[in-house]
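A short worksheet on the structure shown next.
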Amino acid sequence: MKPLKLNPGEVRGFNYHPSYSTTSLVDWLLFDEEVWRRELTNGKEKFPKMNTVRLWLSWNAYCQMQERFIACVKKAIDICRDLGIYVIPCLFNRWHDSMVDCDGIYIDHFLPNSSWLLKYGDPFSDYVDALCEAFGDEEQILVWDICNEPFAYNGDFPMRETVMKSELDWLQRMADRMRANNVSQPLGIGSTGGESMEIFGDICDVYLTHLYYIGGDISHFENKVERFVTESQKNGKPLICSECCWGSLDDKVRGELIRATLTVFRKYNVGFVAHALQYCGVADLHDSYDGRISPDVGNLCFVNKDGSVRPYHEIFNEF
83 MKPLKLNPGE
93 VRGFNYHPSY
103 STTSLVDWLL
113 FDEEVWRREL
123 TNGKEKFPKM
133 NTVRLWLSWN
143 AYCQMQERFI
153 ACVKKAIDIC
163 RDLGIYVIPC
173 LFNRWHDSMV
183 DCDGIYIDHF
193 LPNSSWLLKY
203 GDPFSDYVDA
213 LCEAFGDEEQ
223 ILVWDICNEP
233 FAYNGDFPMR
243 ETVMKSELDW
253 LQRMADRMRA
263 NNVSQPLGIG
273 STGGESMEIF
283 GDICDVYLTH
293 LYYIGGDISH
303 FENKVERFVT
313 ESQKNGKPLI
323 CSECCWGSLD
333 DKVRGELIRA
343 TLTVFRKYNV
353 GFVAHALQYC
363 GVADLHDSYD
373 GRISPDVGNL
383 CFVNKDGSVR
393 PYHEIFNEF
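Structural data, given as structure tokens:
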């Protein structure tokens with residue numbers, strides 16, 4: 083495994099879904115190279131310190147597109163290369179939204195004997211193999227994110243212990259398959275900030291965690307960040323926050339949340355990939371007049387429909 087191409091504390095960037103999208107599946111089914119180039123170029127111009135973008139891949143898109151999907155991912159990475167932006171490709175997603183679901187993996191994709199999805203064995207092998215073959219030596223990939231927010235179930239879920247074991251086994255199998263394919267880049271898992279990073283054991287080379295400050299006593303958030311930094315140092319693994327900056331429909335309130343979050347990250351030298359660059363139809367990245375929203379989450383985009391930066395969101399450039 084090669085080391086990170088950036089000092090982890092220097093990572094500055096955004097998650098990205100294109101403006102035409104409503105899910106990570108649509109990102110690729112309707113892939114529009116011109117839109118990606120225009121919006122990522124605009125992002126780099128508006129936020130010059132942007133050096134990383136997290137892209138949400140889609141197993142479902144691969145199943146429908148196969149070679150065309152790989153070609154689209156290559157075009158996306160080529161655009162990022164032209165702009166001097168590193169890529170964190172996220173292979174799978176376990177976050178599901180009650181208002182506008184984002185595509186992804188469900189329990190019956192990995193729970194043994196749970197579904198016809200598994201009647202031919204592991205459904206993900208050719209997807210992982212194809213990505214590794216195409217991009218296993220890609221210099222523009224900073225780190226592979228195996229899965230976004232695994233263990234996405236309520237605390238009182240009655241099958242929690244059984245399902246969590248199966249999900250962890252599945253994550254280990256995906257990591258093992260990537261390493262068997264000799265990918266040169268490090269691996270991580272985009273975990274929520276509610277979990278100890280040690281739960282992933284040897285799966286991760288890099289800790290990719292999500293740390294959202296949602297308001298209130300900032301000392302609680304700072305204590306959490308400090309614990310995660312201490313844990314990463316103890317285990318000798320780099321730490322990158324691959325999602326951050328809680329949303330609001332009020333631009334000024336959102337700006338205050340961004341400033342508070344990034345101030346703590348600067349204090350502890352934590353690199354970050356904010357959620358998210360572009361206004362679009364994906365959950366939590368638009369206003370109520372463009373679709374259903376979760377009122378307790380609001381809008382997390384930094385760039386408006388017209389390409390302008392949301393008021394107060396230029397704060398990003400101070401960090």
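In my numbering, the protein residues as written are 83 to 401. Idealized CB from N, CA, C, for every residue including glycine.
At least three beta-carbon pairs within less than 8 Å, the segment 182-193 to the segment 244-251: yes
Coarse secondary structure for H292, derived from DSSP in three states: strand
Beta-bridge partners of V355, as assigned by DSSP: BP columns for V355 point to G95.
One or two residues paired with F174 in a DSSP bridge: C229
Residue closest to C362, alpha-carbon to alpha-carbon, out of K87, G95, H99, L88: The candidate whose alpha carbon is nearest that of C362 is H99.
Straight-line Cα distance separating V346 from G57: With the chain running from 83 to 401 in the structure shown, residue 57 is simply not present.
Beta-carbon gap between N142 and D211 smaller than 8 Å: no
Same chain only: Cβ atoms within 8 Å of K87, ignoring 5 sequence neighbours per side: Y168, E221, L224
Entirely enclosed beta strand (DSSP E) segments - the segment 199-282, minimum 3 residues: 226-230, 269-274
3-residue-minimum beta strand (DSSP E) runs that sit fully inside the segment 352-393, ordered along the chain: 353-356
Beta bridge counterpart(s) of W138 as assigned by DSSP: When DSSP reads this structure, W138 sits in a beta bridge with C172.
Residue environment, M241, which counts as buried when at least 16 other CB atoms sit within 10 Å: exposed
Boundaries (first-last residue) of the alpha helix (DSSP H) holding E304: Residues 300-317.
Three CB pairs or more closer than 8 Å across the segment 172-186 and the segment 118-129: no
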